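Below is one structure; the comments refer to it alone.
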Amino acid sequence: MFSNERPVTDPTPIPNTPGPLGTPRGANDTRSPGDSAAGRSSGDTIVGRVVVERGLATNDEVEKCRELLKRLPPGSRLCDILIQKEVITRRQYARVQRELESERPTQAIPGYQMMKKLGAGAMAAVFLAKQLSLDRLVAIKILPQKMSSDPKFIERFYKEGRAAAKLNDQNIVGALDVGQAGEIHYFVMEYVDGESLHDRILRQRRLSEKESIQIVTQVAKALKHAHQQGFIHRDIKPKNIMINKAEVVKLADLGLARALSDREAAETEAGKAFGTPYYISPEQAKGKTDIGPSADIYGLGATFYHMVTGKVPFEGKNPNEVMQKQIREPLVPPDHVVAELSNGVALIIEMMMAKNPKDRYQNASQLLEDLEVVSEGNDPIHARSSHSLADALAHSSPPGAETSTEVRQLNSASSGISWKLLLVGGLLVGSLIVNLALLLLRSRTN
0 MFSNERPVTD PTPIPNTPGP LGTPRGANDT RSPGDSAAGR SSGDTIVGRV VVERGLATND
60 EVEKCRELLK RLPPGSRLCD ILIQKEVITR RQYARVQREL ESERPTQAIP GYQMMKKLGA
120 GAMAAVFLAK QLSLDRLVAI KILPQKMSSD PKFIERFYKE GRAAAKLNDQ NIVGALDVGQ
180 AGEIHYFVME YVDGESLHDR ILRQRRLSEK ESIQIVTQVA KALKHAHQQG FIHRDIKPKN
240 IMINKAEVVK LADLGLARAL SDREAAETEA GKAFGTPYYI SPEQAKGKTD IGPSADIYGL
300 GATFYHMVTG KVPFEGKNPN EVMQKQIREP LVPPDHVVAE LSNGVALIIE MMMAKNPKDR
360 YQNASQLLED LEVVSEGNDP IHARSSHSLA DALAHSSPPG AETSTEVRQL NSASSGISWK
420 LLLVGGLLVG SLIVNLALLL LRSRTN
């Protein structure tokens with residue numbers, strides 16, 4: 000499943016108008032007829048603001064349509080005039096309406112005051128809210144209306160909430176509540192006041208080695224806890240790693256998390272690639288059922304690679320091409336991309352991203368040990384320069400291509416063997432020349 004997440008940076012508070020955009024509130028409206036103009040003005044203001052913010056119309060175009068609206072009878076809508084005057088199309092208006100509809104349901108959740116939209120993805124929208132009973136900020140994830148009628152999406156949504164509730168670690172976003180209000184399915188969780196690792200990489204382009212180790216160490220601690228509780232995350236990536244203002248890292252979004260013991264779910268998902276192509280492990284890309292903790296270590300390794308190099312490990316024209324490279328193409332060592340990167344960090348990343356799960360760190364504890372010793376300037380304990388001969392041969396690159404540490408090690412070994420053969424050959428040739436010279440000398444003497 001290719002991630003279609005998109006960042007939403009609009010901090011504008013969510014409008015309180017619950018009815019269709021620019022229309023009366025409907026059968027439950029208790030306002031007097033004299034209030035309809037005010038209601039219309041509120042809805043039309045929202046429509047006008049959004050089409051300008053989305054670049055669909057200019058302020059002048061919207062204001063001209065507003066002037067025309069004033070001369071029309073009650074019940075007329077700004078959106079109708081915008082469409083009639085060909086400022087926007089019906090399809091564009093429908094898209095704006097769907098976007099704002101995803102904000103509207105949050106007004107119906109009892110006990111919470113909704114404040115603003117934090118972001119949205121293919122599977123949910125996330126809002127900042129205040130929990131009134133405890134007077135604290137929380138984040139609320141809402142299942143989109145279009146998915147609220149699908150039992151599979153609803154079950155997956157609640158499964159995320161149940162999985163998060165079983166995890167209690169300072170480096171994992173805490174789950175507070177999950178439930179339903181009317182037709183709205185919601186998941187209340189800890190609010191992280193900070194930024195995502197994705198945003199930090201965009202801002203800094205490339206993170207320092209020290210900063211990267213500190214972040215990866217905290218994510219590895221989160222994974223250690225999750226794995227010990229019998230869960231794998233399956234979607235480790237910069238967007239799912241939050242960093243608060245105190246530099247505490249929080250692993251978020253357990254939407255693809257699965258219990259290691261859930262064989263039924265594993266068999267159901269056989270042959271399907273769940274994850275994000277830039278960070279997905281080879282076994283996930285192949286749709287294998289025996290996905291274990293090392294898949295999360297691979298995803299964290301790909302994230303580590305992105306942090307210290309400023310580049311994703313593999314690029315492609317489409318998701319499938321990227322996943323095929325994850326499966327088959329040797330990794331360009333990170334220290335070949337950034338020459339000043341330490342050998343220890345490069346070895347750790349290469350071991351985390353070994354094609355064969357057996358050649359990776361077998362658990363987060365091993366990874367944490369190596370991160371600690373390398374941060375102190377020492378060589379890693381577990382990471383090695385050659386993961387396995389089979390791995391190097393199975394994923395060899397075409398002629399002239401950059402190769403991974405495994406292949407470099409093979410080339411080094413081959414080079415040593417070649418020198419030994421040359422030495423032996425030289426001695427044999429020298430002996431032959433000496434013998435020929437002696438034969439010639441004897442023949443002349445005779």
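With numbering that gives the first Met the number 0 applied, the sequence shown corresponds to residues 0 to 445, in that order.
Where is the CB? At the ideal position from N, CA and C, for every residue including glycine.
A quick note: this is a predicted structure, and the numbers were derived from the prediction, not measured.
If you draw a 10 Å sphere on the C-beta of residue 112, you find fewer than 16 other C-beta atoms in it, and that means exposed. Ranked by how close their Cα comes to the Cα of residue 189, the residues 241, 196, 182 have 241 in first place.
With 16 or more neighbouring CB atoms inside 10 Å of its own CB, residue 236 falls in the buried class. Rounded to the nearest angstrom, the gap between the Cα atoms of residue 138 and residue 70 is 43 Å. According to the DSSP assignment, residue 113 belongs to the beta strand (DSSP E) that extends over 111-119. If you ignore the 5 residues before and after residue 51, its C-beta comes within less than 8 Å of the C-beta of 57, 58, 61, all in its own chain and listed in chain order. Distance from the Cα of residue 128 is smallest, within the candidate group 185, 214, 204, for 185. Taking a contact as a CB-CB distance under 8 Å, the pair residue 183 and residue 108 counts as one, their CB atoms being some 6 Å apart. The Cβ-Cβ distance between residue 90 and residue 43 does not fall below 8 Å.
Within the same chain, and ignoring the five residues on either side of residue 217 in sequence, the residues whose Cβ sits closer than 8 Å to its Cβ are 170, 247, 248. The straight-line gap separating the alpha-carbon atoms of residue 163 and residue 289 is approximately 22 Å.
Our two residues, residue 232 and residue 116, have alpha carbons roughly 25 Å apart in a direct line. Residue 339 and residue 297 have their C-alpha atoms some 23 Å from each other. Residue state for residue 296 is assigned as helix, using DSSP reduced to three classes.
Ranked by Cα distance from residue 378, the first of 245, 367, 346, 352 is 346. The shortest CA-to-CA distance from residue 361 to any of 341, 227, 243, 96 is the one to 227. In the structure shown, residue 381 adopts coil according to DSSP, grouped into three states. Residue burial is scored here from C-beta neighbours: residue 325 has at least 16 other C-beta atoms within 10 angstroms and is therefore classed as buried. Residue pairing by DSSP puts residue 128 in a beta bridge opposite 113, 137.
In this structure residue 167 is exposed. Its beta-carbon is surrounded by fewer than 16 other beta-carbon atoms within 10 angstroms.
For residue 157, there is no enclosing beta strand (DSSP E); the residue is found in the alpha helix (DSSP H) stretching over 150-164. Counting the other Cβ atoms within 10 Å of the Cβ of residue 275 gives 16 or more, which makes it buried. A straight-line Cα-Cα distance of about 7 Å links residue 359 and residue 352. Counting of Cβ neighbours within 10 angstroms places residue 201 among the exposed residues, the total staying below 16.
By the criterion of a C-beta distance shorter than 7 Å, residue 176 is surrounded in its chain by 187, once the five residues flanking it on both sides are discounted.
In the same chain as residue 131, and ignoring 5 residues on each side of it, the C-beta atoms closer than 7 Å to its own belong to 110, 111, 112, in chain order.
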